[in-house]
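There are 2 protein chains.
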Amino acid sequence: MHCRKCREKAVIGLPRHNAAFCKPCFNEFVHDQVARAIKSERMFAPQDRILVAVSGGKDSLALWDILLKLGYRADALYVDLGIGTYSTKSREKAERFAETVGKPCGATLLIHTVQEEEGAGIRELADLIHRPTCSTCGTIKRYQFNRVAVERDYDVMATGHNLDDEAARLLGNVLHWQEEYLDKQAPTLPASLEGFAKKVKPLYRLAERELAAYAVLNRIDYIVEECPMAKGSKMLLYKEVLNRLETESPGTKQAFYWGFLERQTKARPAPASMAEKDQAVLHPCMTCGQPTTADICSYCKMMARAKAGAPH
Amino acid sequence: MHCRKCREKAVIGLPRHNAAFCKPCFNEFVHDQVARAIKSERMFAPQDRILVAVSGGKDSLALWDILLKLGYRADALYVDLGIGTYSTKSREKAERFAETVGKPCGATLLIHTVQEEEGAGIRELADLIHRPTCSTCGTIKRYQFNRVAVERDYDVMATGHNLDDEAARLLGNVLHWQEEYLDKQAPTLPASLEGFAKKVKPLYRLAERELAAYAVLNRIDYIVEECPMAKGSKMLLYKEVLNRLETESPGTKQAFYWGFLERQTKARPAPASMAEKDQAVLHPCMTCGQPTTADICSYCKMMARAKAGAPH
């Protein structure tokens with residue numbers, strides 16, 4: 014197997030592109046895909062300050078790595094959920110990467126510790142409010158990433174969602190025809206005028222397998238285990254099913270998600286009108302001031318329930 | 014396990030309905046589902062003459078059986094594709110059912126033999142025109158069913174597509190965002206003014222597994238093997254994947270296909286305007302007179318290519 018570009022010995026084959034690459038050409042391919050995503054979806058400009066949501070996993074660390082290599086001003090935020098050794102290990106990975114790769118580029122790692130700030134780990138919080146751990150975690154992470162991005166004046170928040178993540182999420186939304194969620198599956202969600210940071214997914218053109226290869230080839234030390242809370246999750250089932258389809262027909266995930274995006278582009282309201290729409294329904298939470306469609310935002314409601322449920 | 018209706022011993026459990034039934038109550042359930050489909054999708058009226066497309070398999074024979082038991086005037090058409098013992102056996106099943114169940118109800122089985130009418134079996138035809146067997150078969154069956162329905166003045170053509178068939182087809186269309194096909198996935202397609210018979214799928218509310226149970230419980234002798242030409246087909250792959258999802262979350266197929274139909278109903282043009290739209294683009298084939306969007310219909314083009322390719 015030879016590299017499609019330079020004819021050297023290839024280190025990875027990409028069936029969906031009917032191509033194979035050596036290490037330098039593969040890195041170039043990955044960087045190109047991210048640069049294309051940033052440009053075509055108008056994610057950010059060279060002078061913008063970016064906040065990357067890192068988990069210690071391959072995708073988010075690869076994203077931070079790529080953005081720094083492409084010359085962007087990218088800091089990162091790690092949310093420590095307090096899930097035993099999983100959190101300890103993943104935090105170490107994020108900190109080590111920040112020290113060895115981030116710092117030399119002048120980039121900073123911010124850390125939010127749920128145990129300290131919310132007063133309990135994610136599992137205890139979920140128990141207290143009688144909700145699944147993953148949805149509790151989602152609420153906290155969305156809230157804290159947005160708060161930090163807005164309070165510290167970042168222009169945009171970037172997450173490491175890859176093609177597999179987006180295709181799996183799309184499959185779930187399509188299987189249940191979740192109109193409202195379908196509307197929000199674009200790789201760029203504009204900032205709302207009322208306090209939601211702009212959110213982007215620069216890895217949506219790259220498959221999970223490609224990001225794992227990028228991390229390994231570039232010696233990014235990441236946590237390999239899935240979050241122990243995610244076992245048996247619907248997303249893992251959707252990924253499994255899409256992998257089965259991808260094996261039979263390479264390119265299925267890409268056709269599915271990119272095809273959806275093309276279709277949405279035709280029907281999607283322009284970012285300006287979307288911000289206007291948001292403005293019409295969003296207002297500051299009466300407790301914390303962050304944007305919400307209700308009187309009290311879901312994070313503050315959750316924390317109030319957790320406090321009420323906690324032993325006195 | 015007890016029957017949900019009469020508390021007798023159940024013979025089948027239906028996880029997606031969180032129910033179980035004894036034989037008489039299960040038959041009632043199946044008949045009810047078909048009656049609901051016919052009514053809610055305005056498929057046909059008691060006096061209409063129906064032509065059922067039968068293959069010798071469980072779905073189409075069960076459909077014919079149910080329509081006759083519900084008191085409808087339903088004849089059937091079997092297309093003999095000339096696929097060795099598979100065709101011989103499936104034809105026998107259709108003929109035996111016609112003799113034992115159809116005839117006492119005054120219903121007739123019509124037979125179209127590809128070898129005689131088209132001059133060669135389906136495999137030879139596919140070879141001659143260098144196209145996949147399944148697409149050649151689809152073209153011939155669609156053409157012949159429509160021709161017979163129109164020429165013999167049937168009011169409507171009914172096929173045995175079940176929930177699994179429709180969900181699998183929908184998955185394929187959604188994975189590739191086939192807009193045009195998505196528009197035609199309704200269980201009732203109105204007749205076009207220019208010569209397409211009305212087409213309906215009265216089994217779209219019933220799963221494959223339920224129809225297999227109905228056939229076995231009612232001693233309908235059907236051909237169990239899949240068509241040997243369908244091996245490795247995309248439809249079988251989509252069904253496998255949907256079965257995986259259904260096992261984890263009973264009701265997934267139903268939510269997926271029925272949810273799609275609800276969504277389409279909101280956006281779907283009324284039958285009248287659809288017929289008008291068809292009228293604008295369809296006109297008689299210059300060779301055979303059946304409706305087509307081109308000068309020559311795809312069946313006549315195919316047959317011309319087969320003749321040109323045949324050894325002289």
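Here the protein sequences line up with chains A and B, keeping their order. End of the first sequence sits at 325 in our numbering; the numbers just go up one at a time, nothing left out. End of the second sequence sits at 325 in our numbering; the numbers just go up one at a time, nothing left out. Just so you know, even glycine gets a beta-carbon here, dropped at the ideal spot from N, CA and C.
Would a check of beta-carbon distances place residue i closer than 8 Å to chain A?
i	result
B:Glu261	yes
B:Phe158	no
B:Val114	no
B:Leu202	no
B:Ala199	no
B:Ala268	yes
In its own chain, which residues sit with a C-beta less than 6 Å from the C-beta of residue i, not counting the 5 before and 5 after it?
i	result
B:Ala319	Leu138, Leu141, Ile142
A:Ala32	Arg17
B:Phe269	Ala180
A:Cys310	Cys298, Gln303
A:Leu195	Asn186
A:Leu258	Thr265
A:Leu184	Tyr251
B:Leu230	Lys36
Let me confirm a value: residue i is counted as buried when at least 16 other C-beta atoms fall within 10 Å, else exposed. Which label applies?
i	result
A:Met299	exposed
B:Gly173	buried
B:His15	exposed
A:Ala228	buried
A:Asp72	buried
A:Cys19	exposed
A:Pro28	exposed
B:Leu5	No answer is possible for residue 5 of chain B: the residues shown for chain B start at 14 and end at 325.
B:Thr265	buried
A:Arg218	buried
A:Thr98	exposed
A:Pro117	exposed
B:Ala75	buried
A:Glu223	buried
List the residues of chain A that residue i touches, going by C-beta distances under 9 Å, in chain order.
i	result
B:Arg276	Trp190, Glu192
B:Arg257	Leu250, Glu253, Val254, Arg257
Within its chain, find whatever has a CB closer than 8 Å to the CB of residue i; leave out the 5 residues flanking it on each side and keep chain order.
i	result
B:Ile63	Phe57, Leu80, Tyr85, Arg86, Ala87, Asp88, Tyr167, Asp168, Val169, Met170, Ala171
A:Glu105	Gly69
A:Gln128	Asp93, Gly95, Gly134
A:Lys22	Met14, His15, Cys16, Cys35
A:Val254	Leu184
Is residue i close to chain B, meaning its C-beta is less than 8 Å from at least one C-beta of that chain?
i	result
A:Gly272	yes
A:Thr265	yes
A:Val43	no
Starting from the beta carbon of residue i, find every residue of chain C whose beta carbon is closer than 9 Å, and list them in chain order.
i	result
A:Ala243	Reference to chain C is not applicable here, since the protein chains of this structure are A and B.
Would you please state the rounded distance, in angstroms, between the beta carbons of residue i and residue j? I believe it to be under 8 Å.
i	j	result
A:Gln198	A:Glu179	7 Å
A:Thr278	A:Val294	Their Cβ separation, rounded to whole angstroms, is 23 Å, which puts A:Thr278 and A:Val294 out of contact at 8 Å.
A:Gly95	A:Gly132	Going by Cβ atoms, the distance from A:Gly95 to A:Gly132 rounds to 11 Å, so no, they are not a contact pair.
A:Pro200	A:Val213	6 Å
A:Tyr156	A:Gln60	That pair is no contact at about 27 Å.
B:Tyr312	B:Ile51	Incorrect: roughly 29 Å between the Cβ atoms, too far for contact.
B:Leu83	B:Ala120	That pair is no contact at about 13 Å.
A:Ala226	A:Ile25	5 Å
A:Gly208	B:Trp190	At roughly 34 Å, the Cβ-Cβ gap does not stay under 8 Å, so A:Gly208 and B:Trp190 are not in contact.
By the criterion of Cβ-Cβ separation under 8 Å, what are the contact partners of residue i in chain B?
i	result
A:Val187	Val187, Phe269
Grab me the residues of residue i's own chain with a C-beta within less than 7 Å of its C-beta, minus the 5 sequence neighbours each way, in chain order.
i	result
B:Ile124	Tyr91, Asp93
B:Ile236	Gly69, Gly70, Lys102, Ser103, Lys106
A:Glu108	Leu122
B:Thr146	Ile135, Arg136, Ala139, Met242
A:Gly322	Leu141, Ile142
B:Lys247	Gly185
Closer than 7 Å: is that where the CB of residue i sits relative to any heavy atom of the ligand MG?
i	result
A:Lys252	Only the bare structure without any ligand can be found here, which leaves the ligand MG out of the picture.
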